[in-house]
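Per our numbering: the sequence shown = residues 8 to 96.
Note that the Cβ used here is the ideal one computed from N, Cα and C, for glycine as well.
To start, the structure itself, in structure tokens.
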Amino acid sequence: MQNQSLREMLEQIDHEIHKTETLDEQGREMLTHLAADIQELLERSGASQESDSPLTKRLAQAIEHFEISHPALTHQLSQLSAVLSNAGI
8 MQNQSLREML EQIDHEIHKT ETLDEQGREM LTHLAADIQE LLERSGASQE
58 SDSPLTKRLA QAIEHFEISH PALTHQLSQL SAVLSNAGI
């Protein structure tokens, strides 16, 4: 996936995170950290990520946490996780 496509995906997910309502405290904390990780990745724009990035760990946790309550967000996070995994991140 090209950097521009990844950037667009990250921006869409960041938007979805910020518009998500009805969160429990754990979910709100997860999304706050995830949004910060995504913003950091966007700012790097193409710089390599380490394979043990907190983003990949937080993605997995968020996918599990929001699987039932927020399916659209879960779908986007799953797609991002797959893209990052394929890129070796």
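- Only residues of its own chain outside the window of five on either side were considered, and among them 42, 45, 46 and 49 have a CB closer than 8 Å to the CB of residue 21, listed in chain order.
- Taking the Cα positions, residue 35 is about 10 Å away from residue 69.
- Residue 94 sits in coil when the DSSP states are folded into three classes, being neither helix nor strand.
- Cβ-Cβ separation between residue 80 and residue 73: approximately 5 Å, consistent with a contact (criterion under 8 Å).
- Residue 76 sits away from residue 39, with the two beta carbons spaced by 9 Å or more.
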